[in-house]
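*Asks:* One structure coming up, written as structure tokens, with questions to follow.
In the UniProt record's numbering, the protein residues as written are 1 to 325.
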């Protein structure tokens with residue numbers, strides 16, 4: 001057997017799983033698993049371990065015996081602790097949903113083949129060492145940094161002094177931000193950016209719209225003001241942006257889009273923007289747009305788009321409009 005993918009009401013993985021010595025993929029996501037058996041160390045040919053959305057909080061030290069492991073897909077919410085010695089798994093390409101602590105930070109720089117890293121619970125006691133290690137990961141193309149207590153908008157300590165690795169293409173920051181980090185403007189190869197629970201007071205587009213290769217932008221409770229205007233995207237701003245997703249409790253109105261803005265935009269999504277009541281003038285002039293989502297929207301906006309303001313969206317081939325009830 002090469003692949004074993006389990007899900008559902010499974011709370012125990014038997015020791016006999018260690019007999020599946022040819023296994024290359026073990027999937028336990030969306031189960032009730034709390035522990036992995038010590039025999040998991042027998043799976044010397046395992047390349048991918050996926051334990052997302054489980055009750056597992058700690059990887060056993062026996063995982064370190066699987067020296068050819070390539071992909072660790074852990075808990076995307078609270079994170080799973082890695083054992084001391086995680087730095088010996090030098091063939092890892094993906095480490096996602098790992099709980100950050102001082103031990104992990106001290107060993108991270110040895111994982112030089114990492115291409116995808118998603119770190120949870122970044123806090124003051126290890127942030128400096130963690131960020132220094134990340135900078136050394138020259139093969140890293142995708143990075144997600146999540147502060148502790150992200151639901152409270154906790155800032156990432158030492159973020160302003162962070163230096164991104166040289167080939168970074170995808171970045172997610174889940175943390176409070178007092179202002180946009182200056183180093184963001186230097187990531188010339190960035191194609192995807194997510195800002196989550198940032199609660200910015202300043203317009204993030206003052207930096208973001210000039211990133212030359214940015215294609216995907218997600219702003220999830222990232223921007224506090226109730227009104228955004230034409231300054232959100234200047235003429236020729238966001239030259240390569242194809243998808244923009246906005247979630248905001250605060251946003252009431254987007255007043256205007258200038259001609260020449262969003263020249264490559266294909267999809268615009270407003271998700272749970274419950275107070276948004278006005279779609280911007282100029283939206284109808286974005287000829288490239290193919291998809292528009294309005295999910296859990298204010299009823300007044302949805303009704304107007306179906307009637308007197310339908311001219312703003314009638315050129316779009318794929319529409320999804322769901323009112324909040």
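Idealized CB from N, CA, C, for every residue including glycine.
In whole angstroms, what separates the C-alpha of residue 308 from that of residue 215?
*Replies:* Taking the first residue of the chain shown as position 1, residue 308 is located at position 308. Taking the first residue of the chain shown as position 1, residue 215 is located at position 215. If I take the Cα positions, the gap works out to 32 Å.
*Asks:* From what residue to what residue does the alpha helix (DSSP H) around residue 94 run?
*Replies:* Within the chain shown, residue 94 is the residue found at index 94, counting from 1. Here residue 94 belongs to no alpha helix (DSSP H); instead the beta strand (DSSP E) covers 94–99.
*Asks:* Kindly indicate which residue of 281, 248, 284 and 256 has the alpha-carbon position closest to the one of residue 270.
*Replies:* On the chain shown, position 270 is the one that residue 270 refers to. Residue 248 is the option with its Cα nearest to residue 270.
*Asks:* For residue 86, which residues from the same chain have a beta carbon less than 6 Å from its beta carbon, with the 5 sequence-adjacent residues on both sides left out?
*Replies:* Taking the chain shown and counting its residues from 1, the one referred to as residue 86 is at position 86. So the qualifying residues of the chain are 107.
*Asks:* Within 10 Å of its beta-carbon, does residue 111 have 16 or more other beta-carbons around it, so buried, or fewer, so exposed?
*Replies:* Working through the chain shown from its first residue, we reach residue 111 at position 111. Looking at its Cβ environment, which holds 16 or more other Cβ atoms inside 10 Å, residue 111 is buried.
*Asks:* Taking the alpha-carbon positions, what's the residue 282 to residue 237 distance?
*Replies:* In the chain shown, counting from the first residue as 1, residue 282 sits at position 282. In the chain shown, counting from the first residue as 1, residue 237 sits at position 237. Rounded to whole angstroms, residue 282 to residue 237 spans 14 Å at the Cα level.
*Asks:* For residue 200, tell me which candidate among 239, 185, 183 and 219 has the shortest Cα-Cα distance.
*Replies:* One-based indexing of the chain shown puts residue 200 at position 200. Residue 200 has its Cα closest to that of 219, out of 239, 185, 183 and 219.
*Asks:* For the candidate residues 272, 240, 189 and 100, whose alpha-carbon lies nearest to that of residue 260?
*Replies:* As a working note, residue 260 is residue 260 in the chain shown. Restricting attention to 272, 240, 189 and 100, the CA atom closest to the CA of residue 260 is found in 240.
*Asks:* What residues in its chain sit with their C-beta under 7 Å from that of residue 120, if we drop five residues either side in the sequence?
*Replies:* For the purposes of this step, residue 120 is taken as residue 120 along the chain shown, with counting starting at 1. Counting only Cβ-Cβ distances below 7 Å, and skipping sequence neighbours, we find 78, 79, 97, 98, 99, 100 and 146.
*Asks:* From the DSSP output, in three-state form, read off residue 108 for me.
*Replies:* As a first step, residue 108 is located in the chain shown; it is residue number 108 there, counting from the start. Residue 108: helix per DSSP, three-state reduction.
*Asks:* What do you reckon, are the CB atoms on residue 273 and residue 305 nearer than 8 Å?
*Replies:* Within the chain shown, numbered from 1, the residue matching residue 273 stands at position 273. Within the chain shown, numbered from 1, the residue matching residue 305 stands at position 305. The answer is no: Cβ separation not under 8 Å.
*Asks:* Using only CA atoms, which one of 103, 84, 113 and 187 lies nearest to residue 92?
*Replies:* In the chain shown, the residue the question calls residue 92 occupies position 92. Nearest of 103, 84, 113 and 187 to residue 92, Cα basis: 113.
*Asks:* Please report how far the alpha carbon of residue 186 lies from the alpha carbon of residue 130, in whole angstroms.
*Replies:* To locate residue 186, count along the chain shown from 1; it is residue 186. To locate residue 130, count along the chain shown from 1; it is residue 130. Roughly 20 Å separates the two Cα atoms.
*Asks:* Quick check on this structure: which residue in 297, 303, 74 and 225 has the alpha carbon closest to the alpha carbon of residue 52?
*Replies:* Within the chain shown, residue 52 is the residue found at index 52, counting from 1. Selected option, being the one with the closest Cα: 74.
*Asks:* Considering only the alpha carbon of each residue, which of 184, 255, 303 and 295 lies closest to residue 160?
*Replies:* Residue numbering aside, residue 160 sits at position 160 when the chain shown is read from its first letter. Of all alpha-carbon atoms in 184, 255, 303 and 295, the one lying nearest the alpha-carbon of residue 160 is that of 184.
*Asks:* Looking at the structure shown, is residue 290 part of a helix, part of a strand, or coil, going by DSSP?
*Replies:* Taking the chain shown and counting its residues from 1, one reaches residue 290 at position 290. Coil.
*Asks:* Tell me whether residue 215 sits in a helix, a strand or coil according to DSSP, three-state version.
*Replies:* Position 215 of the chain shown, counted from the first residue, corresponds to residue 215. The answer is coil: DSSP assigns residue 215 none of H, G, I, E or B.
*Asks:* By how many angstroms is the C-alpha of residue 104 removed from the C-alpha of residue 126?
*Replies:* Taking the first residue of the chain shown as 1, we reach residue 126 at position 126. Taking the first residue of the chain shown as 1, we reach residue 104 at position 104. Answer to the nearest angstrom: the Cα atoms are 9 Å apart.
*Asks:* Using the Cα positions of residue 47 and residue 25, report the straight-line distance between them to the nearest angstrom.
*Replies:* Counting from 1 along the chain shown, the entry for residue 47 is found at position 47. Counting from 1 along the chain shown, the entry for residue 25 is found at position 25. When rounded, the distance between both Cα atoms is 6 Å.
*Asks:* According to the Cβ coordinates, are residue 54 and residue 40 closer than 8 Å?
*Replies:* Taking the chain shown and counting its residues from 1, the one referred to as residue 54 is at position 54. Taking the chain shown and counting its residues from 1, the one referred to as residue 40 is at position 40. Taking 8 Å as the Cβ cut-off, residue 54 and residue 40 do not qualify as a contacting pair.
*Asks:* Could you check where the alpha helix (DSSP H) with residue 128 kicks off and where it finishes?
*Replies:* The sequence position of residue 128 within the chain shown is 128, counting from 1. It spans 127–135 - the alpha helix (DSSP H) in which residue 128 sits, taken as one unbroken run.
*Asks:* What's the gap between the Cα of residue 317 and the Cα of residue 290?
*Replies:* To locate residue 317, count along the chain shown from 1; it is residue 317. To locate residue 290, count along the chain shown from 1; it is residue 290. Approximately 6 Å, taken between the alpha carbons.
*Asks:* Smallest Cα separation from residue 141: which of 224, 315, 190 and 222?
*Replies:* Against the chain shown, residue 141 aligns to sequence position 141. Residue 190 is the option with its Cα nearest to residue 141.
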